[in-house]
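Residue numbers (my numbering): 466 to 899.
All residues carry an ideal CB built from backbone N, CA and C; glycine is no exception.
Remarks on the structure that follows.
Right, here's the structure in full:
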C-alpha cells in the first residue's frame, strides 16, 4: 500500500458514509482540517460522532442528521447545546472511555499526527483513550483509519516496545497533509485570589516532589512560581502536559527521579498550551505520551516519590464532596482524570492531593460562596468526599483526610469568605456526631 494512502481532504471526507460512525480524540488530537471539511457535506442521514472537548466549532456538529456524543464539554460543546444542536454528554472518566470506545467500535477512527518519518506517523499531542481503538481499527479491513498530519504538530515519543505512540503508514487508509496548527491554549493571567491560592499550595511542595497539574490559572501559577524558586529535583506525572510544566523543565528543575517505571521522563497522555510548547515538544524525549489507562492509574500515580496533585473545582460542600464538572445540573466540563489524580496520592501517607478553588464566584451580580453547607438538590458530585485530601481557597487550607465529618466541616467553614463564614460555622456545628 505505502504511498497509496495519501489523499486530498475532499477524498478523505468522501470516505464517510451518509449513515456512519466516527470517533476523534479529545481536544488537541482532533484532526481540524478534516473536521472542518466534513461540514461542507449536506447528505448526512445518521452520522454519529464521538469525541470530547472539541477545540473549534466544527460546522458538521450542527448539521441535521449528525449526532455528537461528548465525553467532556468545553466552550464548543456548551455553544452547541445552547444553540439546539444534537449533542449529548456521556458521563465517564477519561480511563473509562477506552472500554466505551471499544464497545462502540466506530467504523471510522480519525486523528491528528506529525508528518511520517521512515514510514511511521507519530500521534503527536494525544494518546488518551483512543490510541488502542485506532490500532484495532487499523487491523480491521472493514474499518477506516484517517490521519491528518501537519508540520506544525510535534513529533513525539511513547515507550517502546508496547506503546510506541505511532502508527505505520501501511495501516492508514487516508493520510492527509494540511498546515493546521495545534490548539493554542493561551495563559490566563492569575487573579489576586489565584495568586494567594498558589502561594498556599506551594507549602505542600518540596524538592523531590512529583507533580501533576490540571488546567487553569492556579496550576499554571504554581508551575511558574516553582520554575523561579530555588526548589528542584522534581518529577512530573500528569494527564495533561501544559505550558507551566514546560517552564519547569526549561528551568532545569525536572530530574524525574520519581522511583517509578517512568523515571527519566515525564509521562503524559495529551498536551495543550501555547505554540512554543509544541515546538519544545518536537522530538523531545523528556516527555513521553502513553495511553490514559497507564497515566491515570491511581496505583501508578501513588508509586511516585512524594506525589502532589493540583486540581480545581467549582464548589465544595461541608462534608468535602466536590462539584467540578456541572453547574446547577447543567454539564459544564467533564470528569477527565480529576478523580484518579485526587484519589491516587491518598493511597500513600506522603502523597498529597490539593483541590484549589476561589472561595466565591459572582453569579448574576451577586457574591456567592463556593463552599456550601450542603449541595442543592440536583447537584452532580464529581468526586466523593472519601477521596478528598486537601482543599485550598485564598483564605487558607483545610486538611480533610482522616478527619471526622464535624472536623472537616469546621475546617472548610474556616477557609470560606468572611461574609459567609459565620453561617457556615453554624452549619458545621449541626453535623450529627454519631
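Residue j beta carbon less than 8 Å from that of residue i
| i | j | result |
| --- | --- | --- |
| residue 855 | residue 817 | yes |
| residue 491 | residue 754 | no |
| residue 836 | residue 865 | no |
| residue 678 | residue 710 | yes |
| residue 601 | residue 485 | no |
| residue 603 | residue 472 | no |
| residue 838 | residue 884 | no |
| residue 520 | residue 549 | no |
| residue 537 | residue 641 | no |
| residue 869 | residue 819 | no |
| residue 506 | residue 478 | yes |
| residue 683 | residue 777 | yes |
| residue 751 | residue 714 | yes |
| residue 587 | residue 630 | yes |
| residue 724 | residue 769 | yes |
| residue 612 | residue 578 | yes |
| residue 524 | residue 590 | no |
| residue 744 | residue 554 | no |
| residue 766 | residue 805 | yes |
| residue 708 | residue 681 | no |
| residue 779 | residue 772 | no |
| residue 502 | residue 474 | yes |
| residue 721 | residue 701 | yes |
Residue environment, residue i, which counts as buried when at least 16 other CB atoms sit within 10 Å
| i | result |
| --- | --- |
| residue 470 | buried |
| residue 659 | buried |
| residue 619 | buried |
| residue 563 | buried |
| residue 466 | For residue 466, the pLDDT reaches just 37, beneath the cut-off of 50, and the residue's location in the model is therefore unreliable, leaving the point undetermined. |
| residue 483 | exposed |
| residue 540 | exposed |
| residue 584 | exposed |
| residue 808 | buried |
| residue 719 | buried |
| residue 729 | exposed |
| residue 646 | exposed |
| residue 581 | buried |
| residue 511 | exposed |
| residue 852 | buried |
| residue 793 | exposed |
| residue 829 | exposed |
| residue 717 | exposed |
| residue 607 | exposed |
| residue 841 | exposed |
| residue 558 | buried |
| residue 831 | exposed |
| residue 654 | exposed |
| residue 651 | exposed |
| residue 625 | exposed |
Integer-rounded CB distance, given that residue j should sit under 8 Å from residue i
| i | j | result |
| --- | --- | --- |
| residue 847 | residue 790 | 5 Å |
| residue 504 | residue 528 | 7 Å |
| residue 667 | residue 690 | 6 Å |
| residue 881 | residue 824 | 6 Å |
| residue 687 | residue 663 | 5 Å |
| residue 599 | residue 515 | That belief does not hold up - the Cβ atoms of residue 599 and residue 515 are roughly 13 Å apart, past 8 Å. |
| residue 893 | residue 871 | 7 Å |
| residue 594 | residue 757 | 5 Å |
| residue 517 | residue 861 | Between residue 861 and residue 517 the Cβ distance is about 35 Å, and since that is not below 8 Å, they are no contact. |
Helix, strand or coil at residue i [DSSP, three-state]
| i | result |
| --- | --- |
| residue 780 | strand |
| residue 901 | In the structure as shown, the chain starts at 466 and stops at 899, and residue 901 therefore has no counterpart that could be examined. |
| residue 464 | The question about residue 464 has no answer, for the chain in this structure spans 466 to 899. |
| residue 868 | coil |
| residue 554 | strand |
| residue 628 | strand |
| residue 899 | Because residue 899 carries a pLDDT of 46, less than 50, the predicted location of this residue cannot be relied on, and the following value inherits that uncertainty. Correct three-state label for residue 899: coil. |
| residue 500 | helix |
| residue 890 | helix |
| residue 883 | helix |
| residue 649 | strand |
| residue 640 | strand |
| residue 514 | strand |
| residue 665 | helix |
| residue 476 | helix |
| residue 529 | coil |
| residue 487 | strand |
| residue 915 | No information on residue 915 is available, as it lies outside the stretch 466 to 899 that the chain covers here. |
| residue 874 | helix |
| residue 568 | helix |
*Please go through the region 671-722 and give each complete beta strand (DSSP E) segment of 3 or more residues, from N-terminal end onward.*
675-678
*Where in the region 575-621 do unbroken runs of the alpha helix (DSSP H), each at least 4 residues long, occur, reported from the N-terminal end onward?*
596-603
*Would you mind listing the beta strand (DSSP E) stretches within the region 774-859 that are 3+ residues and don't spill past its ends, in chain order?*
780-782, 817-821, 825-828, 831-834, 855-858
*Length-filtered (3 minimum) beta strand (DSSP E) runs lying within the region 737-768*: 752-754
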